[in-house]
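Note that this note's numbering has the sequence shown beginning at 6, numbered continuously upward. Structure first, then comments.
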Amino acid sequence: MSRLTCKYDGDNTLRELCTFDRESDIEADDCMTCDEYCDAVEAFNGTCSDCAIQKAIDKLAEYEELEEKGLLLKLPCKIGDTVYQLINSHIYEYKIIGICFDILHNKWMYEVAYEIGLEWFKTMCDFDVFGKSKTVFLTKEEAEKELERLNEQRE
């Protein structure tokens with residue numbers, strides 16, 4: 006995805022407000038300043054750096070820089086989420102309690118807790134939530150739908 010922000014005069018700004026005459030597409034040659042395009046600065050008698058819109062642009066620029074450096078990670082679920090796994094025509098419910106990277110096997114591992122009777126157990130799983138053989142789902146409805154589809158295929 007191409008960047009939505011760029012640098013102009015040391016500040017982050019929106020790319021669509023700038024022109025680029027040089028080879029760099031991160032440093033703009035000319036841009037409208039925020040007080041030229043944003044009524045919020047004038048309305049609040051502030052400066053661009055005090056403006057909520059500028060703060061959002063700065064945050065977006067930070068995320069874009071992290072993404073370009075390969076430091077932005079998007080995981081399919083977060084700690085505290087419940088996921089549902091299909092195993093042998095059964096749906097098992099797990100609570101995500103930790104996420105780590107297994108350097109030895111070069112894959113993400115999820116520490117999960119699950120309940121059997123009145124007892125809770127913990128284990129590590131390497132759920133394939135993106136793969137073609139998807140067996141882990143973020144909602145019970147998705148898991149039930151997939152189980153139904155698999156059962157229909159078997160008939």
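Glycine residues also receive a C-beta, built at the ideal position from the N, C-alpha and C atoms. Everything numeric in this text was worked out from a predicted model, so none of it was measured.
Can you tell me the Cα-Cα spacing of residue i and residue j, whole angstroms?
i, j, result
"Ala118", "Ala148", "18 Å"
"Thr225", "Cys39", "The structure shown does not extend to residue 225, since the chain is modelled only from 6 to 160, so the question has no answer here."
"Asp55", "Glu72", "26 Å"
"Cys82", "Cys105", "13 Å"
"Phe132", "Val88", "10 Å"
"Glu21", "Thr10", "8 Å"
"Glu98", "Gln158", "23 Å"
"Lys139", "Gln90", "9 Å"
"Val141", "Ile101", "12 Å"
"Arg8", "Glu69", "7 Å"
"Leu123", "Ile84", "22 Å"
"Ile96", "Lys79", "25 Å"
"Ile121", "Lys150", "24 Å"
"Lys60", "Lys12", "14 Å"
"Asp107", "Asp86", "20 Å"
Quick one: what's residue i bridged to in DSSP?
i, result
"Asn17", "Lys12"
"Gln90", "Tyr97 and Val141"
"Cys105", "Met114"
"Thr24", "Asp35"
By the DSSP assignment, the alpha helix (DSSP H) with residue i in it spans what residues?
i, result
"Glu69", "Ala57 to Glu73"
Closer than 7 Å by C-beta to residue i: which residues in its own chain qualify, once you throw out the five before and the five after it? Chain order, please.
i, result
"Cys43", "Cys56 and Ile58"
"Ile62", "Thr10, Asn17, Thr18 and Leu19"
Where does the unbroken beta strand (DSSP E) through residue i begin, and where does it stop?
i, result
"Glu120", "Lys112 to Ile121"
"Glu124", "Glu124 to Cys130"
Identify, in the order they occur along the chain, each residue of the same chain with its Cβ nearer than 8 Å to the Cβ of residue i, setting aside the five sequence neighbours on each side.
i, result
"Ser94", "Leu152, Leu155 and Asn156"
"His110", "Asp131"
Going along the chain, which residues of its own chain have a beta-carbon closer than 6 Å to the beta-carbon of residue i, five neighbours each way excluded?
i, result
"Lys112", "Asp131"
"Met129", "Met114 and Glu116"
"Cys36", "Tyr13, Thr18, Leu22 and Cys23"
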